[in-house]
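**Q** Mapping of the sequence shown onto the numbering used here: position 206 corresponds to residue 324, and the numbering continues sequentially without gaps. Think of the CB as a built atom: it goes at the ideal place given N, C-alpha and C, for glycine as much as any other residue. My questions all concern the structure below.
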Amino acid sequence: MSIQNNSRYHEVHARSLADPEAFWAEAAREIGWIEPARKIFDPSMDAYGRWFAGAVVNTCYNALDRHVAGGRADQVALIHDSPLTNSISKFTYAEMLKEVQTLAAIMQDFGVAKGDRVILYMPLVPEAVFAMLACARIGAVHSVVFGGFAAKELASRIDDAKPKLIFSASCGIEPGRIVQYKPLLDEAIRLSSAKPQACVILRRPQQVCELVAGRDHDWATLRRAALDAGKTAACVPVLATDPLYILYTSGTTGIPKGVVRDNGGHLVALKWSMFNLYGVKPGEVWWCGSDIGWVVGHSYIVYGPLIHGATSIMYEGKPVGTPDAGAFWRVISEHKAVALFTAPTAFRAIRKEDPDGAFIRKYDLSKFRTLFLAGERADPPTVEWAEAQLKVPVIDHWWQTETGWCIAGNPVGLGMLPVKHGSPTVPMPGYQVDVVDEASKPVPAGTMGSIVIKLPMPPACLPTLWQQDARFKEAYLTEFPGYYKTSDAGYKDEDGYVWVMGRTDDIINVAGHRLSTGGMEEILASHPDVAECAVLGIKDAIKGEVPCGFLVLKAGVTRAPADIEKEIVALVRDKLGPVAAFKLAITVGRLPKTRSGKILRGTIKKIADGESWAMPATIEDPKVLDEIGDALKGRV
Numbered sequence: 119m120s121i122q123n124n125s126r127y128h129e130v131h132a133r134s135l136a137d138p139e140a141f142w143a144e145a146a147r148e149i150g151w152i153e154p155a156r157k158i159f160d161p162s163m164d165a166y167g168r169w170f171a172g173a174v175v176n177t178c179y180n181a182l183d184r185h186v187a188g189g190r191a192d193q194v195a196l197i198h199d200s201p202l203t204n205s206i207s208k209f210t211y212a213e214m215l216k217e218v219q220t221l222a223a224i225m226q227d228f229g230v231a232k233g234d235r236v237i238l239y240m241p242l243v244p245e246a247v248f249a250m251l252a253c254a255r256i257g258a259v260h261s262v263v264f265g266g267f268a269a270k271e272l273a274s275r276i277d278d279a280k281p282k283l284i285f286s287a288s289c290g291i292e293p294g295r296i297v298q299y300k301p302l303l304d305e306a307i308r309l310s311s312a313k314p315q316a317c318v319i320l321r322r323p324q325q326v327c328e329l330v331a332g333r334d335h336d337w338a339t340l341r342r343a344a345l346d347a348g349k350t351a352a353c354v355p356v357l358a359t360d361p362l363y364i365l366y367t368s369g370t371t372g373i374p375k376g377v378v379r380d381n382g383g384h385l386v387a388l389k390w391s392m393f394n395l396y397g398v399k400p401g402e403v404w405w406c407g408s409d410i411g412w413v414v415g416h417s418y419i420v421y422g423p424l425i426h427g428a429t430s431i432m433y434e435g436k437p438v439g440t441p442d443a444g445a446f447w448r449v450i451s452e453h454k455a456v457a458l459f460t461a462p463t464a465f466r467a468i469r470k471e472d473p474d475g476a477f478i479r480k481y482d483l484s485k486f487r488t489l490f491l492a493g494e495r496a497d498p499p500t501v502e503w504a505e506a507q508l509k510v511p512v513i514d515h516w517w518q519t520e521t522g523w524c525i526a527g528n529p530v531g532l533g534m535l536p537v538k539h540g541s542p543t544v545p546m547p548g549y550q551v552d553v554v555d556e557a558s559k560p561v562p563a564g565t566m567g568s569i570v571i572k573l574p575m576p577p578a579c580l581p582t583l584w585q586q587d588a589r590f591k592e593a594y595l596t597e598f599p600g601y602y603k604t605s606d607a608g609y610k611d612e613d614g615y616v617w618v619m620g621r622t623d624d625i626i627n628v629a630g631h632r633l634s635t636g637g638m639e640e641i642l643a644s645h646p647d648v649a650e651c652a653v654l655g656i657k658d659a660i661k662g663e664v665p666c667g668f669l670v671l672k673a674g675v676t677r678a679p680a681d682i683e684k685e686i687v688a689l690v691r692d693k694l695g696p697v698a699a700f701k702l703a704i705t706v707g708r709l710p711k712t713r714s715g716k717i718l719r720g721t722i723k724k725i726a727d728g729e730s731w732a733m734p735a736t737i738e739d740p741k742v743l744d745e746i747g748d749a750l751k752g753r754v
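Now the structure itself:
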């Protein structure tokens, strides 16, 4: 693997912190503005200031119209690849623009105007992208709720956003099953006090559904009528500081936190990142293997690649089982993708099913240059396996729903820095990342602490929560004055590399010793029989907490789990010493995860501690929690 040591990163990052206004003003030249900013950054606005104050812009124009006018009309903008429906469809920039103009006109017929909220409760289909861009086109604020989300969770988001219109579908498709969305949508509207004026329903051939008279409308019928009538909608000018979308994260109070994303800063940061961070040029094929229900899908299935003029792959399938562990390589080979961005859990699943990488060698990956991982910490054994099999750089990077793009990564376009396994590398331009103690004082290199971001945060980061300014300040800005609290724990090393070792509540206190579960997971994952793992602290009457490791073994391992568990305990003792008090490893068939691939550590902990727990709304398969409970019986 070749690493460029002449990276421009240090000079670029230093410039972004020394004169952030000049830096982001230069980046903003890549965007088509209706009116330029009155101030590049106005520190007097809102909680910590706003980027591109006074500027007027339209996000949809920058994602579609500009490229159609600029020579990309016939370039493919979106590839929808669905092994679950055995179909592939492609849309050029001109075709996308026509679909979005038509859908935006339909929305205007329903009375949707600038500032109105629209909820999308959709599967991973092209119509969902059209709907997001149609909202952006007319200045409506979209809020995508992951398709198949529980009715109660959807209802809480309807009550918070108060949408005028909801886009949905008859169903989502999972391997071996159909998830009916319409009954969930109907129940959510019944539960919510804020009722939408109308729902537009995409009736997929895999599942019929009934429409509620007077409220529900068939998507295909509306589209056909609008096309026949030649209806289109022009781009509506909005302020750069106006909201583009709301994306909800689970709140500890039960009230969802609606992360607000603005138009201007989002355009500038995402455009900057597509080449400088990801190394992708306009016209190239890029694949983000996520879902539009998550921030990653917003930023890098929809907005980032289209703003940049690239071709974006939208994949309705899984890394394994649709049909096999070669699914990802088939997509990369067939569509000539130069880069893939996915979650580490996807690669752990592939490695578990195909540990020798036999499927990789069945496909032509000659165009493929880089693999990017994010979503949760990329454990070094998984990264090393991917590097060895793919023979391309494997880049871990770290960011959050709240930031909208990367906090720490390895900037391919600026020249890669040396990779350190277990670290997402260095802060991106605009981010001053510090590690501090409880008194907000920076700690020495190598010392564990709370990871924070110096205010002001760069463009695209959240300015507030939807209609909850006080909660925004309390949740993110109060505990460490002058900083944004990431709620992640870790350290920076002597080279300035960031090491994210877990959420602050994943640092466990064993008899007064603060230990990182992420560090222990690294050790567990290094065992040759372990496909994936999770370590969490469980209650102990003497030590307060003790670590417990959960192991999923690789496919084909025939050794007795008890023997492997003993080896794991000995391995941790050897690497960390007896201070870790690691004495319990439990083999399970699989780990409970969210649909985005994050392991539900908090829920496992509650089960292990015998505490009451609620079924997480984002869980991929609820049956896994029963399996975890069975595995724990007699062990804790």
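Measure the C-alpha to C-alpha separation of Ser451 and Arg322 and round it to an integer number of angstroms.
**A** About 28 angstroms.
**Q** What residue from Gly747, Ile569, Asp183 has the CA that sits closest to Ala557's CA?
**A** The shortest C-alpha separation from Ala557 is found at Ile569.
**Q** My output table needs one value for His645: the three-state DSSP class, helix, strand or coil.
**A** Coil, per DSSP.
**Q** When DSSP labels each residue in this structure, what does Thr463 get in the three-state scheme?
**A** Residue state, collapsed to three classes: helix.
**Q** Candidates Ser207, Leu718, Ala699, Thr350: which alpha carbon is nearest Ala195's?
**A** For the residues Ser207, Leu718, Ala699, Thr350, the minimum Cα distance to Ala195 belongs to Ser207.
**Q** Using CA coordinates, which residue listed in Ala146, Trp517, Tyr396 is at the minimum distance from Pro529?
**A** The candidate whose alpha carbon is nearest that of Pro529 is Tyr396.
**Q** Ends of the alpha helix (DSSP H) at Pro244?
**A** 244 to 256 is the span of the alpha helix (DSSP H), which, as asked, contains Pro244.
**Q** When you compare each of Ala268, Val243, Val230, Pro281 to Gly257 by their alpha carbons, which one comes out closest?
**A** Ranking the options by Cα distance to Gly257, first place goes to Val230.
**Q** Going by alpha carbons, who is nearest to Arg708 out of Lys684, Ile737, Lys701?
**A** Among Lys684, Ile737, Lys701, the Cα nearest to that of Arg708 belongs to Ile737.
**Q** Would Ala726 pass as a contact of Ile656 if the rule is Cβ separation under 7 angstroms?
**A** Their beta carbons are under 7 angstroms apart, which means Ala726 touches Ile656 by this criterion.
**Q** Using DSSP's beta-bridge definition, name the partner residues of Arg295.
**A** Paired residues: Glu292.
**Q** Inspect the CB distances between the stretch 605 to 617 and the stretch 642 to 652 and report whether three or more fall short of 8 angstroms.
**A** No: the two stretches stay apart, fewer than three of their Cβ pairs being nearer than 8 angstroms.
**Q** Could you name the residues that DSSP lists as bridge partners for Ser207?
**A** DSSP output for Ser207 lists His198 as bridge partner(s).
**Q** Spatial neighbours of Ala347 within its chain, please: C-beta separation below 7 angstroms, excluding the five flanking residues on both sides.
**A** Excluding residues within five positions, none has a Cβ falling inside 7 angstroms.
**Q** Which stretch, first to last residue, makes up the beta strand (DSSP E) that contains Lys375?
**A** Counting along the chain, the beta strand (DSSP E) containing Lys375 begins and ends at 375 to 380.
**Q** Out of Ala287, Glu292, Arg308, Arg713, point me to the one whose CA is closest to Glu494's CA.
**A** Nearest of Ala287, Glu292, Arg308, Arg713 to Glu494, Cα basis: Arg713.
**Q** Can you give the Cα-Cα distance for Gln122 and Lys232, rounded to whole angstroms?
**A** Here Gln122 scores only 46 on pLDDT, less than 50, and its place in the model should not be relied on; the value that follows carries that caveat. Cα to Cα, Gln122 sits roughly 46 angstroms from Lys232.
**Q** Pick out the complete beta strand (DSSP E) segments inside the stretch 472 to 515, 3 residues or longer, and give them in chain order.
**A** Complete beta strand (DSSP E) runs here, min 3: 488 to 491, 512 to 514.
**Q** Would Asp199 be called buried (16 or more neighbouring beta carbons within 10 Å of its own) or exposed?
**A** By the 10 Å Cβ count, Asp199 comes out buried.
**Q** Can you tell me where the alpha helix (DSSP H) with Thr721 in it begins and where it stops?
**A** From DSSP, the alpha helix (DSSP H) with Thr721 extends over 719 to 727.
**Q** Please list, in chain order, all residues of the same chain as Gln550 whose beta carbon is under 8 angstroms from its beta carbon, the five residues on each side excluded.
**A** Excluding sequence neighbours, Gln550 sits near Leu135, Ile571, Lys572.
**Q** Drop a sphere of 10 angstroms on the beta-carbon of Gln507, count the other beta-carbons inside from all chains shown, and report buried for 16 or more, exposed for fewer.
**A** Buried.
**Q** Would you mind stating whether Val262 and Leu238 have Cβ atoms separated by less than 7 angstroms?
**A** Contact flag set, yes.
**Q** Along the chain, where does the alpha helix (DSSP H) that runs through Ser568 open and close?
**A** Unbroken run through Ser568 is the beta strand (DSSP E), 567 to 572; no alpha helix (DSSP H).
**Q** Between Lys485 and Leu283, what straight-line distance do the alpha-carbon atoms span, to the nearest angstrom?
**A** So the alpha carbons of these two residues sit roughly 42 angstroms apart.
**Q** For Glu153, name the three-state secondary structure that DSSP assigns.
**A** Glu153: strand per DSSP, three-state reduction.
**Q** Assuming Phe159 contacts Pro574 under a Cβ cut-off of 8 angstroms, what Cβ separation, rounded to an integer in Å, is found between them?
**A** Confirmed, Cβ separation roughly 7 angstroms.
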